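J.: Can you keep this structure in mind? I'll have questions shortly.
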Amino acid sequence: MLKAIIVDDEELARQVLRELLGTAGGVQIVAECANGFEAVKAIGEHRPDVLFLDIQMPKLDGFEVLELIDPPVAVIFVTAYDQYAMKAFDAHAVDYLLKPFSTERLGKALERARALLTEPDAHPFQAGDLAASARPPGQALERVVVKDGTKVHIIPIAKLDYVEAQDDYIALRSEKKSYLKQQTISSIETQLDPQRFVRIHRSYIVNLERIARIEPYTKDSRVAVLQDGSQLPVSRSGHTKLKELLGDSV
Amino acid sequence: MHPVFRNNAGRVGYVAVWMVLAGLLAALMRGPGQLSWNEALSLAAPLCVFYAFVCLASWYVCRAFPPGPTSATRLVSQHLGMAILACALWIGLARLLALPMNLGTRLDAAIPHLVAVGLLLYLLSVALHYVLLAMEASREAALQARDAELRALKSQINPHFLFNCLNSISALTTTDPAKARDMCVRLSDFLRNTLGLGERASIAWRDELELARTYLEVERVRFGARLQVEMIVEDACAECQVPPLVLQPLIENAIKHGIASMVDGGIVRLESRVQGGNLEVSVENDYDPEAPSPRRSGLGLRNVRNRLDTRFGGTASLRTGSQNNRFRAEMVFPCNKAN
Chain F
1 MLKAIIVDDE
11 ELARQVLREL
21 LGTAGGVQIV
31 AECANGFEAV
41 KAIGEHRPDV
51 LFLDIQMPKL
61 DGFEVLELID
71 PPVAVIFVTA
81 YDQYAMKAFD
91 AHAVDYLLKP
101 FSTERLGKAL
111 ERARALLTEP
121 DAHPFQAGDL
131 AASARPPGQA
141 LERVVVKDGT
151 KVHIIPIAKL
161 DYVEAQDDYI
171 ALRSEKKSYL
181 KQQTISSIET
191 QLDPQRFVRI
201 HRSYIVNLER
211 IARIEPYTKD
221 SRVAVLQDGS
231 QLPVSRSGHT
241 KLKELLGDSV
Chain H
1001 MHPVFRNNAG
1011 RVGYVAVWMV
1021 LAGLLAALMR
1031 GPGQLSWNEA
1041 LSLAAPLCVF
1051 YAFVCLASWY
1061 VCRAFPPGPT
1071 SATRLVSQHL
1081 GMAILACALW
1091 IGLARLLALP
1101 MNLGTRLDAA
1111 IPHLVAVGLL
1121 LYLLSVALHY
1131 VLLAMEASRE
1141 AALQARDAEL
1151 RALKSQINPH
1161 FLFNCLNSIS
1171 ALTTTDPAKA
1181 RDMCVRLSDF
1191 LRNTLGLGER
1201 ASIAWRDELE
1211 LARTYLEVER
1221 VRFGARLQVE
1231 MIVEDACAEC
1241 QVPPLVLQPL
1251 IENAIKHGIA
1261 SMVDGGIVRL
1271 ESRVQGGNLE
1281 VSVENDYDPE
1291 APSPRRSGLG
1301 LRNVRNRLDT
1311 RFGGTASLRT
1321 GSQNNRFRAE
1331 MVFPCNKAN
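These protein sequences, in sequence, are chains F and H.
Using the numbering used here, the first residue of the first sequence is number 1, and each one after it goes up by one.
Using the numbering used here, the first residue of the second sequence is number 1001, and each one after it goes up by one.
See the structure below:
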């Protein structure tokens, strides 16, 4: 018996999935969620095998939900029409269902999920990776979502001061608070708008608008002093990048 | 490229016109200068060949100084200056041509006529070029208007909307067959009505509202209690003629960026009234400012703005803004009634 969670903001969409899963058999629905927040909570509680996930939803969209969940889960996207996302699904999701879909099509998706779940060393659904790669290319992040215990924080990009690498985590600094997230600094670097955020050091990405000045530190290293007074190290290549974006005055 | 050169008829016609002009010019010069036909023609022909090119050049001047944005004094001084320059060159050429012909003072007597004709021909070419430009602009505008209409209609049947509707119907077929059938009927009504609109330039506001109402009813099945609708419509609006589907994008945005972003949904409120000969429409909806933004193309609003511009020029406007987590779009344009 597969444990499944359905996430969709439309009651009728959840209803049709519930009904067809009943017909297909072998699946136990442990939770139904109408928005992203509920989904993150329910996934943490129930640790499902399969996740049926809509993309456009209130609060958190489907990609953001994936970023916030830890347990590996077989993700099946359920969407009406989304040509960009579909390319990503091909590569990374277990499957995607286009609304409306038939019982047979749903059965196939379940088969794929089962096959992958029973493969001992298959780890095809590390949610974070999927979230990063499923986002349409060329679209910079507008906000970062972070889970803190059961709470979900949403940090709009404009309020993000800098990002610091801490082992497997990144610390996101915003409005005098730090938020830890399990993601590599290189991966978030690719998601941020390169015109606004610059990797100034192996371990630091800074919001250009927050830099007050650049000061020399040792013979060939510098520090960036931010408007709130905090100081971040700037590597030589980081300084080159800053000069390109801000001019020689730095 | 100059419009005269765009096709053979233009080229041949232009040469023919100047041949006639050369004949007339020769006839005109004969009198005062007591010139023989031979002398007059051998002056007029090269003069006209030269001027045929000069007058073409005024096209580029006209294009560089369109009458709207250029001030009247600037326009007059610009073209008078060019006319005087062209005329001076034409007189100079006439004198040059006369040199080997031993005309003596006989040419001097014809000079005032030459000056007058030179100025007039140049200014005439300016006027004709402005007429040509206006014709091109109006053709362009008509094309753009048609493009905007086509785009509006194409973007109309939004695939998201259609597939989500079909999914709702698929859900209802087992639980509530009567409602499923009802939704099929409404969806069909909506599609049929929008398809028929392609050929029409205007429809009555009453019909546009009816379309919006059908659309909202279909969306209500999908969103259930999350979508609430308020419509306040003055009777006086009913007969105003509007571009078809001008309201539709505003309603779609209210759903897509508003209601769909809220867990508990919200209200879409539509008001319309006639004020001082204008139809004033507003669409207001709740939205969640912290919602993940669906791909905001802004295409819908831009389309509406383009269509209002091409149809009504400066007399129409579309303004948007948000306050207290409510988004508001206001559209104002002249209320023209049929006949």
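A virtual CB, placed ideally from N, CA and C, is assigned to each residue, including glycine.
The model shown is predicted, which means the values in this text are computed figures rather than measured ones.
Check whether the Cβ atoms of H/Leu1123 and H/Ala1072 sit closer than 8 Å, and answer yes or no.
T.: No; because the gap between Cβ atoms is not below 8 Å, this pair is not in contact.
J.: Residues of chain F with CB under 7 Å from H/Pro1292, in chain order?
T.: Ordered by position in chain F, the residues that pass the 7 Å Cβ test against H/Pro1292 are Leu60, Asp61 and Glu64.
J.: Select from F/Glu67, F/Asp49, F/Asp61 and F/Asp70 the residue whose C-alpha is nearest the C-alpha of F/Val94.
T.: Taking only the C-alpha atoms, the option nearest F/Val94 is F/Asp49.
J.: Kindly say whether F/Val16, judged by its beta-carbon, lies nearer than 8 Å to any beta-carbon of chain H.
T.: It does; some Cβ of chain H falls within 8 Å.
J.: Leaving aside the five residues before and after H/Arg1206 along the sequence, list all residues of the same chain whose C-beta is less than 6 Å from its C-beta, in chain order.
T.: Correct list, in chain order: Ala1238.
J.: What residues in the stretch 151-171 of chain F have a beta carbon less than 9 Å from any beta carbon of chain H?
T.: Per Cβ criterion, the list reads Ile154 and Pro156.
J.: So with Cβ pairs under 8 Å, would you call H/Gly1266 a contact of chain F?
T.: No, no contact with chain F.
J.: State yes or no: is the beta carbon of F/Asn35 nearer than 8 Å to at least one beta carbon in chain H?
T.: At least one chain H Cβ lies under 8 Å of F/Asn35.
J.: Within its chain, find whatever has a CB closer than 6 Å to the CB of H/Ala1236; leave out the 5 residues flanking it on each side and keep chain order.
T.: Val1274.
J.: Using only the alpha-carbon positions, how far apart do H/Gly1300 and H/Thr1310 sit?
T.: For H/Gly1300 and H/Thr1310, the distance between alpha carbons rounds to 16 Å.
J.: Should F/Lys219 be labelled buried (16 or more other beta-carbon atoms within 10 Å of its own) or exposed?
T.: With fewer than 16 Cβ atoms within 10 Å of its Cβ, F/Lys219 is classed as exposed.
J.: Helix, strand or coil for H/Cys1335, going by three-state DSSP, please let me know.
T.: Correct three-state label for H/Cys1335: coil.
J.: Using a Cβ-Cβ distance cut-off of 8 Å, determine whether F/Leu53 contacts chain H.
T.: So no, F/Leu53 is outside the interface.
J.: Compute the minimum distance between the beta carbon of H/Asp1207 and the heavy atoms of the ligand COA, and state whether it is under 7 Å.
T.: The ligand content of the structure shown is nil, which means the ligand COA is not present either.
J.: Out of F/His46, F/Lys243 and F/Glu64, which one is the CA nearest neighbour of F/His153?
T.: Looking at the Cα atoms, F/Glu64 is the closest of the given residues.
J.: By Cβ distance below 8 Å, which residues in the same chain neighbour F/Ala13 in space, the five residues on each side in sequence not counted?
T.: So the list reads Asp54, Val78 and Lys99, once near-sequence residues are dropped.
J.: Entirely within the stretch 157-182 of chain F and at least 3 residues each: give me those beta strand (DSSP E) ranges in chain order.
T.: Runs of the beta strand (DSSP E) inside the stretch 157-182 of chain F: 162-166, 169-174 and 177-182.
J.: Quick one: list the residues of chain A neighbouring F/Ala13, beta-carbon separation under 9 Å, in chain order.
T.: The chain inventory of the structure shown lacks chain A, comprising the protein chains F and H.
J.: Quick check: H/Trp948 and H/Ala1026, are their CB atoms within less than 8 Å of each other?
T.: Nothing about residue 948 of chain H can be reported from this structure: the residues present for chain H run from 1001 to 1339 only.
J.: Over what stretch of residues does the beta strand (DSSP E) that includes F/Asp95 continue unbroken?
T.: Here the beta strand (DSSP E) through F/Asp95 covers Asp95 to Leu98.
J.: The beta strand (DSSP E) spanning F/Glu111 covers which residue range?
T.: Taken as a continuous stretch (DSSP letters only), F/Glu111 belongs to no beta strand (DSSP E), being part of the alpha helix (DSSP H) at Thr103 to Thr118.
J.: Taking F/Val27 as the reference, give the member of F/Ser174, F/Ala109 and F/Lys59 with the closest Cα.
T.: Answer by Cα proximity: F/Ala109.
J.: Could you give the distance in angstroms between the alpha-carbon of F/Arg47 and the alpha-carbon of H/Asn1167?
T.: Cα to Cα, F/Arg47 sits roughly 28 Å from H/Asn1167.
J.: The beta strand (DSSP E) that contains H/Asn1278, what's its start and end?
T.: It spans Asn1278 to Asp1286 - the beta strand (DSSP E) in which H/Asn1278 sits, taken as one unbroken run.
J.: Using only CA atoms, which one of H/Pro1289, H/Ala1134, H/Glu1217 and H/Ala1142 lies nearest to H/Cys1062?
T.: For H/Cys1062, the nearest C-alpha among the options comes from H/Ala1134.
J.: Check distances from the C-beta atoms of the stretch 178-207 of chain F to those of chain H and list, in chain order, the residues that come in under 7 Å.
T.: Those residues of the stretch 178-207 of chain F that come within reach of chain H (Cβ to Cβ, closer than 7 Å) do not exist; the list is empty.
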